[in-house]
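Using my numbering, the letters of the sequence shown correspond one by one to residues 887 to 988.
Every residue gets a Cβ at the ideal spot worked out from N, C-alpha and C, and that includes glycine.
Keep in mind it's a predicted model, so treat the numbers as computed, not measured.
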Amino acid sequence: MANEIIEDLSRRTGYDIQSNTLSKTIYTPIEWEKMFSLYRGSGLGLAHGLNQIGAFRPANKDEYLNNVYYAGASTHPGTGLPIVVIGSRLVTEKITHEHPVI
């Protein structure tokens, strides 16, 4: 399945990913569960329960470390590829606003 995904992505992008890959590691959901404490190996982040949606999600800036930011399914604004991409843009904007290049 991994090779099929790589082939499909190569076709869509016009870039030969397979021949330009130096190393490939494949993890199963069981390994993800053990490595990252993900419930049943889910890579989708926190559930959509009332206490884990919207403003209740973990913030995208660390509470204690001023220069540590987070982007991904388990941080604000939430799950789903479009939302995660939006979240990464929000974090980038926050970093450039809070730490301008002099």
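According to the neighbour-count rule (16 or more other Cβ atoms, all chains shown, within 10 Å of its Cβ), is residue i buried or exposed?
| i | result |
| --- | --- |
| Gly973 | buried |
| Val971 | exposed |
| Gly964 | buried |
| Thr911 | exposed |
Verify the contact flag: residue i, CB atom, against every heavy atom of the ligand HEM, threshold strictly below 7 Å.
| i | result |
| --- | --- |
| Thr961 | As for the ligand HEM, it is missing from this structure, which has no ligand bound. |
Put residue i into one of helix, strand or coil per three-state DSSP.
| i | result |
| --- | --- |
| Lys920 | helix |
| Ser909 | coil |
| Val977 | helix |
| His983 | helix |
| Asp902 | coil |
| Ile972 | helix |
If I'm right that residue i touches residue j with Cβ under 8 Å, what's the distance once you round it to whole angstroms?
| i | j | result |
| --- | --- | --- |
| Leu976 | Asn946 | 7 Å |
| Glu893 | Gln904 | 7 Å |
| Ser896 | Asp902 | 6 Å |
Let me check one thing: in DSSP terms, what residues is residue i bridge-paired to?
| i | result |
| --- | --- |
| Tyr950 | Paired residues: none, contrary to the question. |
| Tyr955 | Lys947 |
On a CA-only basis, which of the options is nearest residue i? Give me that one, please.
| i | options | result |
| --- | --- | --- |
| Thr914 | Pro986, Arg926, Asn889 and Gln904 | Arg926 |
| Thr982 | Ser960, Leu908 and Tyr955 | Tyr955 |
| His962 | Asp902, Glu949, Pro986 and Ala941 | Ala941 |
| Ser960 | Arg897, Pro944 and Leu936 | Pro944 |
| Ile969 | Glu917, Glu979 and Ala957 | Ala957 |
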